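Please read the structure below before turning to the comments.
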Amino acid sequence: MGSLIYEDKPHYDIWVKAILVLPVAIFLIPGLYLITSDPETAIGLFVTAVLMAIIYWAIFPRKYCILDSKVKIALGGPLSFSIPFDSIETARIPKGITLGINFVTSFSTKNAVEIARKRRLNVNITPSNRELFLSNLGKALNNWRDYNTRVR
4 MGSLIYEDKP
14 HYDIWVKAIL
24 VLPVAIFLIP
34 GLYLITSDPE
44 TAIGLFVTAV
54 LMAIIYWAIF
64 PRKYCILDSK
74 VKIALGGPLS
84 FSIPFDSIET
94 ARIPKGITLG
104 INFVTSFSTK
114 NAVEIARKRR
124 LNVNITPSNR
134 ELFLSNLGKA
144 LNNWRDYNTR
154 VR
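Shown next, in the form of structure tokens:
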């Protein structure tokens, strides 16, 4: 699996949290209202709200881990997304609009990090401490590249 070098939590801003809670609330509140008059509809609304919450839990990042040979984005449960160091060109503060795989949890670019990959879509994340994340990723990438250059 690899040794953990650095770990950070995603930065969720208040607007993203509100946008995530709103659809669930749209199904929960009418469900509570209808529980006595129309229980079948209320149960359907509750099930929909629970399914939405499970999907949110599964696809939104829990933590960003820098390991000795990859960056791992831990999602809900056993799900994760890995970016091997051999596919990373650079990690940087994004400039302008970026296209790629977005694990963005904030509408602000204050915490955004863009991981540019070779011949693949870039990955955008929002760690809580961008500067520390970039510093640790830069060191880990350099160590990995130095080691792999010497071994070959």
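So for the sequence shown, my numbering puts the first residue at 4; every next one is plus one.
Even for Gly, the Cβ is constructed at its ideal location relative to N, Cα and C.
Since the structure is predicted, the reported quantities are computational estimates derived from the model, not experimental observations.
Q. Helix or strand or just coil, what does DSSP make of Asn127?
A. Residue mapping note: residue 127 aligns to position 124 of the sequence shown, counting from 1. Residue state, collapsed to three classes: strand.
Q. Three-state secondary structure (DSSP) at Lys169?
A. Limits of the chain in this structure are 4 at one end and 155 at the other, which puts residue 169 out of reach.
Q) Would you call the CB atoms of Ser109 and Phe88 closer than 8 Å? A) As a working mapping, residue 109 is identified with position 106 in the sequence shown. As a working mapping, residue 88 is identified with position 85 in the sequence shown. Phe88 sits away from Ser109, with the two beta carbons spaced by 8 Å or more.
Q.
What residue range does the beta strand (DSSP E) around Ile116 cover?
A. If you number the sequence shown from 1, residue 116 lands on position 113. The sequence as given places Val at residue 116; Ile does not occur at that position. Taken as a continuous stretch (DSSP letters only), the beta strand (DSSP E) holding Val116 covers Val116 to Arg120.
Q) Rounded to a whole number of angstroms, what is the C-alpha to C-alpha distance between Leu144 and Thr101? A) Here residue 144 is taken as the residue at index 141 of the sequence shown, counted from 1. Here residue 101 is taken as the residue at index 98 of the sequence shown, counted from 1. When rounded, the separation of the alpha-carbon atoms in Leu144 and Thr101 is 22 Å.
Q. Per DSSP, which one or two residues make a beta bridge with Tyr67?
A. Looking up residue 67 in the sequence shown gives position 64. Answer by DSSP bridge pairing, in chain order: Asp11 and Ile76.
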